[in-house]
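Counted from 1, the sequence shown has number 83 at position 83 by full-length UniProt numbering; the numbering is strictly sequential.
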Amino acid sequence: MMTTGIDLVEINRIRALYSTAFIERILSKKERQFFEDIQNESRRFTFLAGRFAAKEALFKALKKGDKTMNFADITILNDEDGAPYIESFPKGQLYKTELSISHTDLYAVAIVLLEIKE
């Protein structure tokens, strides 16, 4: 069985919510380490917006989801070619995942495909 989730985020909305508490609520520890190394301010916001959209899309793909799961429980990294992938999330071993994130100056969008492993 396959499910999908998609989310679109306004980057200015992320700018308005930006704070240390917001970063800690949205990003996992590994993601925060990567985020802290981003020097370009615009890139920092597109990174945050993309991760936010990807995690929202994952929750939507899970349908009912896991009511105990938080954004920071999900780790999204990039492979050697720069493509994002979901490294881990609670109960993630049950699923094969595919992820795509894209953004413009105004929006970030993400789509997640989940397939139950057999």
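Note that beta-carbon positions come from the ideal geometry of N, C-alpha and C, so glycine has one too.
Residue i classed as buried or exposed, judged by whether at least 16 other C-beta atoms fall within 10 angstroms
| i | result |
| --- | --- |
| E24 | exposed |
| K117 | exposed |
| E10 | exposed |
| S28 | buried |
| G5 | buried |
For residue i, the first and last residue of its enclosing beta strand (DSSP E)
| i | result |
| --- | --- |
| G82 | Taken as a continuous stretch (DSSP letters only), G82 belongs to no beta strand (DSSP E), as it is neither H nor E. |
| K96 | 95 to 103 |
One or two residues paired with residue i in a DSSP bridge
| i | result |
| --- | --- |
| M2 | E115 |
| D7 | A110 |
Span of the alpha helix (DSSP H) around residue i
| i | result |
| --- | --- |
| I26 | 20 to 26 |
| K55 | 41 to 61 |
CB-CB length for residue i against residue j, believed under 8 Å
| i | j | result |
| --- | --- | --- |
| A61 | V109 | With 8 Å as the limit, A61 and V109 do not qualify as a contact, their Cβ atoms being about 14 Å apart. |
| F89 | D79 | Not really, about 17 Å apart at Cβ, beyond 8 Å. |
| M2 | L99 | Their Cβ separation, rounded to whole angstroms, is 14 Å, which puts M2 and L99 out of contact at 8 Å. |
Coarse secondary structure for residue i, derived from DSSP in three states
| i | result |
| --- | --- |
| K29 | helix |
| I86 | strand |
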